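Since the structure comes first, as structure tokens, the remarks are kept for the end.
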Amino acid sequence: MKPAFLVIDIGSNSVRRMLGAWQNGRAVSLSKTLRTTRLAAGLDASRILREERMTDTVNAIRAYAEEAETLGIGALAYATSAVRDAANKADFLERVKAAAGIDVLVLSGKEEGAYAYEAATGGTGTVFDIGGGSFQIVTDKRALSVPCGCVRAKDRCDAQDVQTLERELFAWIDASATLPKRVPGPVYGVGGTITSIGALLAGQTVYDGNSLSAITPDRLDRMLGSLCTQSERERTRHPLLRERGEVILQGATILRCMMLRTHTDCVVPTDRDGMEGIAEARLRPPAPLN
Numbered sequence: 003m004k005p006a007f008l009v010i011d012i013g014s015n016s017v018r019r020m021l022g023a024w025q026n027g028r029a030v031s032l033s034k035t036l037r038t039t040r041l042a043a044g045l046d047a048s049r050i051l052r053e054e055r056m057t058d059t060v061n062a063i064r065a066y067a068e069e070a071e072t073l074g075i076g077a078l079a080y081a082t083s084a085v086r087d088a089a090n091k092a093d094f095l096e097r098v099k100a101a102a103g104i105d106v107l108v109l110s111g112k113e114e115g116a117y118a119y120e121a122a123t124g125g126t127g128t129v130f131d132i133g134g135g136s137f138q139i140v141t142d143k144r145a146l147s148v149p150c151g152c153v154r155a156k157d158r159c160d161a162q163d164v165q166t167l168e169r170e171l172f173a174w175i176d177a178s179a180t181l182p183k184r185v186p187g188p189v190y191g192v193g194g195t196i197t198s199i200g201a202l203l204a205g206q207t208v209y210d211g212n213s214l215s216a217i218t219p220d221r222l223d224r225m226l227g228s229l230c231t232q233s234e235r236e237r238t239r240h241p242l243l244r245e246r247g248e249v250i251l252q253g254a255t256i257l258r259c260m261m262l263r264t265h266t267d268c269v270v271p272t273d274r275d276g277m278e279g280i281a282e283a284r285l286r287p288p289a290p291l292n
């Protein structure tokens, strides 16, 4: 199957790209990759995107835009929490336009959640989406976006033990939003934190998005406890955590809070997320041949 389009997700932790194609009117991923740029680092304290983070992010976007040009396909780029919350958002968007020649859609938290919901669920159940700058809980009736993501969480709490992580990050989340006490199932999980946890629980060393393990509170607790016994350097040596070892403790703690507060017994990780969702909403598949 030949690539028909390229989607660039400018996140708070990484810049992701998806080469996509159309199959029966649905967007399908041919491959996904990412470059970790930590765009949201320090954002809560300053409200400003840091110069070096912007430079790294713009370079990643430019490389992906050049890939699309080489392939002769269109590129759609969108940004989430870090860009929408930054005081220097306009400067960043101008830099992207000058370097990569593309305009960037800046999504609201609800839009971000809605695109992931449609792609992951097809309209039934709930989506948990943890990003670098925010997390979303989305059902068919409600979309809640909370500005508490794994990069922001690391800025707030760099502890290496479960008790401190839970005490400080649960309090931060509770002060930021009131989470629903129940959500309709099944509950699907998207984003790098949740899919990485699903891969770790499956015992993977090479990521396989088709064989992710379901996440239960007990399994998550045991995994988080095990990760806390390792140093940050040890965590980043794991093949699945090279791009995420610095923030996986915070991301897992956020997921733990989401599950406990909503009384969720199981989260099913899935690779289909907002990248497929925005492609289906914003791009048009080719008309079928008669």
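Each residue of the sequence shown is one higher than the one before, starting from 3 at the first, in our numbering.
Cβ coordinates follow ideal geometry from the N, Cα and C atoms, glycine included.
Keep in mind it's a predicted model, so treat the numbers as computed, not measured.
Membership of Met20 in the beta strand (DSSP E) is indicated by the continuous run Ser16 to Gln25. Comparing C-alpha distances from Val60 to each of Leu45, Gly76, Asp11 and Ala283 shows the shortest one belongs to Asp11.
Per DSSP, the unbroken alpha helix (DSSP H) holding Val60 starts and ends at Glu53 to Leu73. Residue burial is scored here from C-beta neighbours: Arg184 has fewer than 16 other C-beta atoms within 10 angstroms and is therefore classed as exposed. The alpha-carbon separation between Gly44 and Arg154 amounts to approximately 8 Å. With fewer than 16 other CB atoms across the displayed protein chains lying within 10 angstroms of its CB, Gln25 is exposed. Arg64 has its alpha-carbon roughly 26 Å from the corresponding atom of Gly115. In the DSSP assignment, Tyr119 falls outside any beta strand (DSSP E) and lies within the alpha helix (DSSP H) extending over Gly111 to Thr123. If you draw a straight line from the Cα of Ala179 to the Cα of Gln138, it is about 11 Å long. As DSSP reads the structure, Ala81 sits in a beta bridge with Ile12 and Val108.
In the DSSP secondary-structure assignment, Tyr190 is bridged to Val129 and Val270. If the five residues before and after Arg263 are omitted, its C-beta is found closer than 6 Å to the C-beta atoms of Leu181, all from its own chain and listed in chain order. The residue among Ser16, Asp160, Asp157 and Thr126 with its C-alpha nearest the C-alpha of Ala62 is Ser16. The alpha-carbon separation between Arg221 and Ile196 amounts to approximately 13 Å. In the DSSP annotation of this structure, Ala216 is not part of any alpha helix (DSSP H), being labelled neither H nor E. With the rule of 3 Cβ pairs closer than 8 Å, the segment 242 to 261 does not count as touching the segment 85 to 101.
For Leu45, the enclosing alpha helix (DSSP H) covers residues Leu45 to Ser48. Here the C-alpha atom of Cys159 lies approximately 28 Å from the C-alpha atom of Thr128. For Gly194, the closest alpha carbon among the candidates Lys156, Gly111 and Leu242 is that of Leu242. Collapsing the DSSP output to three states places Val208 in coil. Residue pairing by DSSP places Leu146 opposite Ile139 in a beta bridge. In the three-state reduction of the DSSP assignment, Gly76 falls in the strand class. Per the C-alpha coordinates, the member of Asp46, Val30, Ser14 and Glu53 positioned closest to Arg37 is Ser14.
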